[in-house]
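So the sequences go chain by chain: A and B.
Residues in the first sequence are numbered from 45 upward in steps of one, following my numbering.
Residues in the second sequence are numbered from 9 upward in steps of one, following my numbering.
Heads up, the beta-carbon is just placed ideally off N, CA and C, and yes, glycines get one too.
Remarks on the structure that follows.
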Amino acid sequence: EAGVAQSPRYKIIEKRQSVAFWCNPISGHATLYWYQQILGQGPKLLIQFQNNGVVDDSQLPKDRFSAERLKGVDSTLKIQPAKLEDSAVYLCASSSGQGLEQYFGPGTRLTVT
Amino acid sequence: DQQVKQNSPSLSVQEGRISILNCDYTNSMFDYFLWYKKYPAEGPTFLISISSIKDKNEDGRFTVFLNKSAKHLSLHIVPSQPGDSAVYFCAASAIAAGGTSYGKLTFGQGTILTVHP
Numbered sequence: 045e046a047g048v049a050q051s052p053r054y055k056i057i058e059k060r061q062s063v064a065f066w067c068n069p070i071s072g073h074a075t076l077y078w079y080q081q082i083l084g085q086g087p088k089l090l091i092q093f094q095n096n097g098v099v100d101d102s103q104l105p106k107d108r109f110s111a112e113r114l115k116g117v118d119s120t121l122k123i124q125p126a127k128l129e130d131s132a133v134y135l136c137a138s139s140s141g142q143g144l145e146q147y148f149g150p151g152t153r154l155t156v157t
Numbered sequence: 009d010q011q012v013k014q015n016s017p018s019l020s021v022q023e024g025r026i027s028i029l030n031c032d033y034t035n036s037m038f039d040y041f042l043w044y045k046k047y048p049a050e051g052p053t054f055l056i057s058i059s060s061i062k063d064k065n066e067d068g069r070f071t072v073f074l075n076k077s078a079k080h081l082s083l084h085i086v087p088s089q090p091g092d093s094a095v096y097f098c099a100a101s102a103i104a105a106g107g108t109s110y111g112k113l114t115f116g117q118g119t120i121l122t123v124h125p
């Protein structure tokens with residue numbers, strides 16, 4: 045079974061630029077999560093989708109971050125404009141249902157200069 | 009506010025000995041706890057979990073202990089192997105509104121475990 049796929053793996057941008065990350069969950073997984081992991085900290089949930097509906101986006105900085113999951117499969121997370129403090133690893137995870145085991149992708153390491 | 013804390017940033021253990029990783033939480037609503045392991049350049053992988061109705065769960069070399077009164081859990085690895093060297097994250101969750109599933113995971117900061125041959 046293929047795991048969670050993410051791209052790109054690394055991205056370096058200047059502050060105020062925009063960036064987008066892509067995630068393809070495990071086939072058949074209805075629930076998709078985006079996490080932000082800042083160096084030295086644990087992952088923090090940004091947004092959770094159930095199929096293509098948002099379940100929780102309470103910690104998503106909506107003035108600059110947006111996410112969508114069209115057709116309930118893959119998802120994109122966008123930052124516009126980026127700030128220095130957005131430098132982090134962005135992890136995507138999926139599960140077959142809410143509250144069940146989450147499978148993580150390898151992450152995208154973002155550096156904002 | 010850090011609701012899940014792993015106060016030891018790192019732990020170094022000799023191969024064959026026991027590794028004990030600790031985690032404390034403050035939110036009394038948490039009732040499901042998990043440990044994840046993370047290798048460099050990879051995403052976290054699920055290791056073991058425990059529900060608040062239990063105080064111990066064992067899976068091979070890994071055992072998780074939960075002390076609800078102290079709001080403390082620990083992961084024991086016996087015997088430790090060099091391949092266990094990784095970052096270990098503790099995570100906690102509470103029953104979501106509606107009571108049918110668990111809500112979002114709250115992670116600790118992680119502990120870097122190094123097992124020396």
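Whole-Å CB distance - residue i paired with residue j, under 8 Å assumed
i: Leu29(B); j: Leu121(B); result: 7 Å
i: Cys117(B); j: Gly72(A); result: First, the residue type needs correcting, since residue 117(B) is Gln and not Cys in the sequence shown. Going by Cβ atoms, the distance from Gln117(B) to Gly72(A) rounds to 33 Å, so no, they are not a contact pair.
i: Tyr147(A); j: Ile70(A); result: 6 Å
i: Leu90(A); j: Leu104(A); result: 5 Å
i: Gly131(A); j: Thr155(A); result: The question names Gly, but residue 131(A) is Ser in the sequence shown. Between Thr155(A) and Ser131(A) the Cβ distance is about 5 Å, and since that is below 8 Å, they are a contact.
i: Val133(A); j: Gly151(A); result: 4 Å
Given residue i as reference, the closest of the options once Cα atoms are compared
i: Tyr33(B); options: Ser27(B), Val123(B) and Ala102(B); result: Ala102(B)
i: Ala49(B); options: Arg60(A), Gly141(A), Asn95(A) and Leu135(A); result: Leu135(A)
i: Leu113(B); options: Ser88(B), Ser93(B) and Pro52(B); result: Pro52(B)
i: Lys55(A); options: Ser138(A), Glu145(A), Ala126(A) and Ala137(A); result: Ala126(A)
i: Glu129(A); options: Gly97(A), Ser140(A) and Ile82(A); result: Ile82(A)
i: Gly141(A); options: Gln50(A), Phe65(A), Ala74(A) and Arg60(A); result: Ala74(A)
i: Thr120(A); options: Gly97(A), Gly84(A) and Ala64(A); result: Ala64(A)
i: Gly91(B); options: Lys46(B), Asp9(B), Ser18(B) and Ser16(B); result: Lys46(B)
i: Lys122(A); options: Pro52(A), Gly116(A) and Gly84(A); result: Pro52(A)
Own chain, CB closer than 6 Å to residue i, minus 5 neighbours either side, in chain order
i: Phe41(B); result: Ile58, Leu81 and Ala100
i: Asn132(B); result: The question about residue 132(B) has no answer, for chain B in this structure spans 9 to 125.
i: Lys74(B); result: The residue asked about is misnamed: residue 74(B) is Leu in this sequence, not Lys. If we look at Leu74(B) and ignore the five residues flanking it on each side, its Cβ neighbours are Ile58, Asp63 and Leu81.
i: Cys31(B); result: Gln14, Leu81, Cys98 and Gly116
i: Thr157(A); result: Glu58
Those residues which DSSP pairs with residue i across a bridge
i: Tyr77(A); result: Gln92(A) and Ala137(A)
i: Ile37(A); result: The displayed coordinates of chain A run from 45 to 157. Any statement about residue 37(A) would go beyond what the structure contains.
i: Leu19(B); result: Leu121(B)
i: Thr114(B); result: Ala100(B)
i: Ser51(A); result: Trp66(A)
i: Ala126(A); result: Answer is none; Ala126(A) lacks a bridge partner.
i: Arg60(A); result: Looking at the DSSP assignment, Arg60(A) forms no beta bridge with any residue, so it has no partner.
i: Tyr40(B); result: Ser59(B) and Ser101(B)
7 Å CB neighbourhood of residue i in its chain, flanking five on each side removed
i: Gln124(A); result: Ser62 and Arg108
i: Met37(B); result: Ala102
i: Glu112(A); result: Ser119 and Thr120
Proximity test, residue i beta-carbon vs the ligand FAD heavy atom, cut-off 7 Å
i: Ala49(B); result: Summarising the ligand content, the structure contains no ligands, and the ligand FAD is consequently not present.
Same chain, Cβ closer than 8 Å to residue i, five either side skipped, listed in chain order
i: Asp100(A); result: Leu89, Ile91 and Gln92
Quiz item: Residues in the segment 40 to 54 of chain B with C-beta within 9 Å of chain A's C-beta atoms, listed in sequence order?
Solution: Tyr40, Leu42, Tyr44, Lys46, Ala49, Glu50, Gly51, Pro52, Thr53 and Phe54
Exercise. Taking a Cβ distance cut-off of 9 Å, strictly less, list which residues of the segment 107 to 130 of chain A are near chain B, in chain order.
Key: none
Quiz prompt | Contact residues within the segment 110 to 123 of chain B, judged by C-beta distance below 9 Å to chain A | solution = Tyr110, Gly111, Lys112, Leu113, Thr114, Phe115, Gly116, Gln117 and Gly118
Self-check item: Where the segment 67 to 89 of chain B meets chain A: residues whose CB sits under 8 Å from a CB there
Solution: none
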